[in-house]
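Quick note: the sequence shown uses our numbering, first residue 56, plus one each step. Quick reminder that beta carbons are idealized off the backbone N, C-alpha and C, glycines included. Since the structure is predicted, the reported quantities are computational estimates derived from the model, not experimental observations.
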Amino acid sequence: MAQSNAGFRYTGTGIYTVGEAAKLSGVSTGRIRRWLRGYQFSSPGGVHQSPPVWQPQLPEIDGKLALGFLDLMEVRFVDAFLGLGVSWHTLRLAAAKARALFDSTHPFSTRRFKTDGRYVFAEVQNEAGEPALLELVRSQQYFYRIVAPCLRGVDFDAEEPTRWWPMGRSRWIVIDPRRSFGQPIVAKSGVPTAVLARAAGANSIAEVSRWYQTDIKAVQMAIEYQKQLEEKKAA
């Protein structure tokens, strides 16, 4: 996101356009907008408004929807549950219960959800009777296998996610809301992966490494990561 003066008020939060969040998470821009803005739908009873699944961290910036780092993490969890066949109605019930239980605006991406989230869905299953939840709540081991991909590479403080290593912690690429407004960077040098990959498109990796005072291996990882993002976008 091009940073306006407003952006500097949210240093440490991470700032993403809908397009950037879609690219990083692999979730479509349309879905992200619906989740954070709500949407209208028609039924025989008339036109209805579906509210947002959660309130975004940030207000609109320059008149456009903006996401913070916690929003980005929440998007990944919501997408995982919808992919299991959990309905919107059930997901909203679970979100409301989890917000109250965990005292968090972004409950799905909290550390506690990893251990206690199954019980949230078990309560909702009792109310909604949704078949898709039966498998989800049958055991803690199964529940963890579902949420594990979303947790992989995520660092937490006491409760909330603080950093995401999208290629794994051994791969040097980090998304940290306290650095470069949450854009993907090389952890050691702080250079954005997009900058390194773009420079390497017209110059040798050795030259780029020298110009940006970063390891050759880091440049290679940045190129690899940006390629993965483009492939994810194309898919």
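What is the DSSP secondary structure of Leu210, reduced to helix, strand or coil? Here residue 210 refers to the residue found at position 155 of the sequence shown. Contrary to the premise, residue 210 reads as Asp rather than Leu in this sequence. Asp210 sits in a strand when the DSSP states are folded into three classes.
Look up Gly69 in the DSSP assignment and say whether it is helix, strand or coil. Residue numbering aside, residue 69 sits at position 14 when the sequence shown is read from its first letter. Coil, per DSSP.
Enumerate in chain order the residues of its own chain whose CB-to-CB distance from Ala153 is below 6 Å, with the five nearest sequence positions on each side excluded. Numbered from 1 along the sequence shown, position 98 holds the residue referred to as residue 153. Closer than 6 Å at the Cβ level, and outside the excluded window around Ala153, lie Pro162, Val175.
So what does Gln104 bridge to, in DSSP terms? Counting from one through the sequence shown, the residue named residue 104 turns up at place 49. Gln95, per the DSSP bridge assignment.
Could you spell out where the beta strand (DSSP E) holding Arg218 opens and where it closes? In the sequence shown, the residue the question calls residue 218 occupies position 163. In the DSSP annotation of this structure, the continuous segment of the beta strand (DSSP E) that includes Arg218 starts and ends at 216–219.
By the three-class DSSP mapping on this structure, what secondary structure does Lys119 have? Counting from one through the sequence shown, the residue named residue 119 turns up at place 64. It is a strand residue.
Val209 to Trp219, Cα distance in whole Å? Counting from one through the sequence shown, the residue named residue 209 turns up at place 154. Counting from one through the sequence shown, the residue named residue 219 turns up at place 164. The alpha-carbon atoms of Val209 and Trp219 are separated by roughly 4 Å.
Straight-line CA distance for Val229 to Gly81? In the sequence shown, residue 229 corresponds to position 174, counting from 1. In the sequence shown, residue 81 corresponds to position 26, counting from 1. Using only the alpha carbons, I get a separation of about 17 Å.
Stretch pair the stretch 234–248 + the stretch 182–190: three plus CB contacts closer than 8 Å: Cβ pair count under 8 Å is below three, so no.
Cα-Cα separation, Gly100 to Gly93: In the sequence shown, counting from the first residue as 1, residue 100 sits at position 45. In the sequence shown, counting from the first residue as 1, residue 93 sits at position 38. Rounded to the nearest angstrom, the two C-alpha atoms are 19 Å apart.
How is the alpha helix (DSSP H) around Phe9 delimited, first residue to last? Since the first and last residues shown for the chain are 56 and 290, residue 9 lies out of range.
Cβ-Cβ distance between Ser83 and Phe96 below 8 Å: In the sequence shown, the residue the question calls residue 83 occupies position 28. In the sequence shown, the residue the question calls residue 96 occupies position 41. Going by C-beta atoms, Ser83 is not nearer than 8 Å to Phe96.
Give me the Cβ distance between Val28 and Trp90, rounded to the nearest whole Å; I'm assuming they're in contact under 8 Å. Because the chain here runs from 56 to 290, residue 28 falls outside it and cannot be looked at.
Alpha helix (DSSP H) segment containing Leu113, residue limits: By 1-based counting over the sequence shown, the position of residue 113 is 58. Per DSSP, Leu113 belongs to no alpha helix (DSSP H) and is neither H nor E.
Report the option in Thr72, Pro107, Arg226 whose CA atom is closest to the CA atom of Asp270. The residue you call residue 270 lines up with position 215 of the sequence shown. Relative to Asp270, the option among Thr72, Pro107, Arg226 whose CA is nearest is Arg226.
Less than 8 Å between CB atoms is the rule here; does Ala121 satisfy it with respect to chain D? Of the protein chains in this structure there is only one, and it is not chain D.
Rounded to whole angstroms, what's the CA-CA distance from Met276 to Tyr267? Just pull it up for me. Counted from its first residue, the sequence shown places residue 276 at position 221. Counted from its first residue, the sequence shown places residue 267 at position 212. It is roughly 14 Å from the alpha-carbon of Met276 to the alpha-carbon of Tyr267.
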